[in-house]
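Residue numbers (UniProt numbering): 1 to 529. To start, the structure itself, in structure tokens.
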Ligand code: COA
């Protein structure tokens with residue numbers, strides 16, 4: 001059992017806690033924007049039409065009082081589009097079955113899909129496919145956001161391709177249609193295994209009455225072109241005709257019940273709570289990420305019984321590796337201890353990842369790294385070879401990976417510690433996270449050195465004043481682009497979470513992962529030891 005050295009009454013702990021709480025208040029404010037959807041005017045209009053909001057639909061669909069793990073709630077943050085990207089996605093339990101749920105938010109530009117909606121939706125279908133989660137679409141959308149069609153029309157075809165690939169992989173797809181689902185949107189019910197449409201509400205057609213009039217001269221109306229009654233009685237696109245929204249959600253639950261769904265992964269062992277309170281996770285990460293912290297303090301507050309069987313504890317000590325169980329699921333953990341990764345850490349990580357791959361144990365990466373060590377001694381010692389080995393091991397290990405960015409995530413450290421590009425099944429950030437190719441001051445400094453050398457080569461005098469202004473500007477820009485809301489807005493993680501929720505979130509992810517069978521082991525390619 002990890003013996004915590006943390007003193008929750010110490011001044012530095014309290015200072016870190018206060019800073020984290022301030023960041024969490026900011027996070028709450030950003031989440032509130034997503035929940036507010038299109039704002040009061042559009043929410044009231046939606047309600048006046050007798051309709052439920054996207055989140056109310058989700059809440060009525062999932063089992064009463066069951067948790068819903070919302071994904072990418074900050075999508076579109078920092079863009080011209082509203083936070084949340086006009087769709088709600090997440091993992092919820094319906095009739096005891098973990099499902100991926102996606103609900104368009106019709107209060108935001110008619111629920112139309114903008115470039116961020118597309119990225120968020122594609123991420124949701126990717127999660128459903130890889131983890132074998134039944135997919136439920138709550139449809140009411142104006143289709144493509146027309147002014148940004150160039151960003152979405154061509155790549156957006158993947159939404160439909162993924163739906164049919166899920167079906168081919170035996171992953172049930174269910175569409176509950178609450179309203180508009182026209183043009184390309186019509187292929188969502190068109191390609192779903194099960195389709196429910198709400199009477200007098202669903203409108204599913206390739207072209208609405210004005211388009212039909214333009215194309216063929218035919219006079220028509222919404223109901224005869226794409227109403228729920230027509231699709232249930234005539235075209236056969238709807239399997240069920242729902243009387244109203246509540247009825248559609250009830251039928252959706254009934255469909256899931258009759259799937260006779262069985263998870264194919266491992267069964268969890270009995271769950272034991274950690275010996276230390278999650279509350280103390282608030283006071284661990286320093287505001288200044290250059291100050292190291294012991295990740296065992298984090299591990300002690302997220303794993304079962306705070307029990308951690310450390311692997312190679314006295315070798316490559318900047319990286320902590322070892323075995324634990326989390327909500328009853330065995331995991332191998334890799335956590336940065338002092339930021340920098342040296343050759344020893346890379347070799348230790350490579351061996352540990354291979355061991356996890358042999359025993360088919362999922363890996364959890366807890367990131368706080370400034371990257372691989374630079375300098376003559378380290379280059380001569382083979383830091384590139386050793387970092388490459390670690391990146392090879394991360395890339396080619398086939399067990400599920402989970403990543404939490406607690407603090408710094410800079411340079412190739414982001415890669416070796418299973419950043420977004422390495423396809424972890426899930427990746428969450430803490431509000432204290434920062435990620436970029438390097439730190440803002442270092443990046444501005446490098447630009448300055450390069451600029452100075454280039455001026456010298458041209459025989460020009462270097463403008464020191466312009467250099468200082470450039471450095472300040474670049475530093476501010478890189479700092480802003482390193483922050484978690486910005487990165488979450490770009491879908492570089494699956495959400496920014498309260499550190500206190502880490503255990504719960506990871507437990508839900510591990511459970512969802514085990515909806516799919518444990519993947520087969522594969523080779524690692526060539527290592528250069
Ligand atoms: N792209 C961009 N903006 C859209 C949009 C779209 N596809 N659909 C709706 N909007 C905007 C509207 O212009 C309106 O903006 P405003 O309030 O600033 O004027 C806002 O979203 C709400 O739309 P509104 O028509 O008032 O809402 P509604 O609930 O009465 O109707 C729709 C919703 C989706 C039925 C209707 O907007 C519509 O038919 N949109 C076009 C659908 C379409 O043909 N899409 C192409 C698919 S490829």
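For each residue, glycine too, the CB sits at the ideal point set by N, CA and C.
Secondary structure of residue 352 (DSSP, three-state): helix. For the 8 Å CB-CB criterion, residue 272 and residue 322 do not form a contact. For secondary structure counted as the beta strand (DSSP E) over 3 or more consecutive residues, the segment 76-127 holds these complete runs in sequence order: 87-94 and 97-104. Boundaries for residue 309: no alpha helix (DSSP H) harbours it, while the beta strand (DSSP E) harbouring it runs 309-311, taken from the DSSP string. Residue 524 and residue 353 have their alpha carbons spaced roughly 11 Å apart. Not one heavy atom of ligand 1 falls within 7 Å of the beta-carbon of residue 117. Looking at the DSSP output, residue 402 shares a beta bridge with 364 and 426. Pairing residue 104 with residue 420, the inter-Cα distance amounts to about 25 Å. Counting only unbroken stretches of 4 or more residues, the alpha helix (DSSP H) elements lying wholly within the segment 127-199 are 149-152, 157-168 and 187-190, in sequence order. Taking all protein chains in view, the Cβ of residue 186 is crowded by 16 or more other Cβ atoms within 10 Å, so the residue is classified as buried. Bounds of any beta strand (DSSP E) do not take in residue 374, whose DSSP letter is neither H nor E. For residue 498, the number of other beta carbons within 10 angstroms of its own is at least 16, and it is reported as buried. Excluding the 5 residues flanking it on each side, residue 405 has same chain C-beta neighbours closer than 6 Å at 367, 429 and 433, in chain order.
Of the candidates 207, 295 and 383, the residue whose Cα lies closest to the Cα of residue 216 is 207.
With a contact defined as Cβ atoms closer than 8 Å, residue 478 and residue 440 qualify at about 4 Å. If you check the C-beta of residue 131 against ligand 1, you find no heavy atom less than 7 Å away. Here the alpha carbons of residue 161 and residue 117 stand approximately 17 Å from one another.
Contact between residue 362 and residue 402 holds, since their C-beta atoms are separated by about 7 Å, short of 8 Å. For the pair of segments examined, the segment 250-266 was found to touch the segment 88-99: the number of CB pairs separated by less than 8 Å reaches three.
Remark: the shortest separation between the CB of residue 147 and any heavy atom of ligand 1 falls under 7 Å.
Between residue 188 and residue 175, the C-beta gap is smaller than 8 Å, which places the two residues in contact.
CA-to-CA, the gap between residue 49 and residue 38 works out to about 15 Å. With respect to residue 324, residue 307 sits close: the two C-beta atoms are nearer than 8 Å. Rounded to whole angstroms, the gap between the alpha carbons of residue 73 and residue 465 is 42 Å.
When the beta-carbon positions are compared, residue 139 and residue 92 stay at least 8 Å from each other. In the DSSP assignment, residue 240 falls outside any alpha helix (DSSP H) and lies within the beta strand (DSSP E) extending over 240-242.
Nearest to residue 471 by C-alpha distance, out of 445, 460 and 261, is 445. Your pair residue 114 and residue 81 checks out as a contact, with CB atoms roughly 5 Å apart and the cut at 8 Å.
When DSSP reads this structure, residue 331 sits in a beta bridge with 324. Restricting attention to 486, 190 and 493, the CA atom closest to the CA of residue 26 is found in 486. A straight-line Cα-Cα distance of about 59 Å links residue 238 and residue 442. Burial check for residue 246: the Cβ neighbour count within 10 Å stays below 16, so the residue is exposed. The DSSP-derived three-state label of residue 387 is helix.
Short note on residue 180: C-beta closer than 7 Å to some heavy atom of ligand 1. The beta carbon of residue 110 lies closer than 6 Å to those of 142 in the same chain, with the five residues before and after it left out. Residue 455: member of the alpha helix (DSSP H) spanning 440-457, first to last residue.
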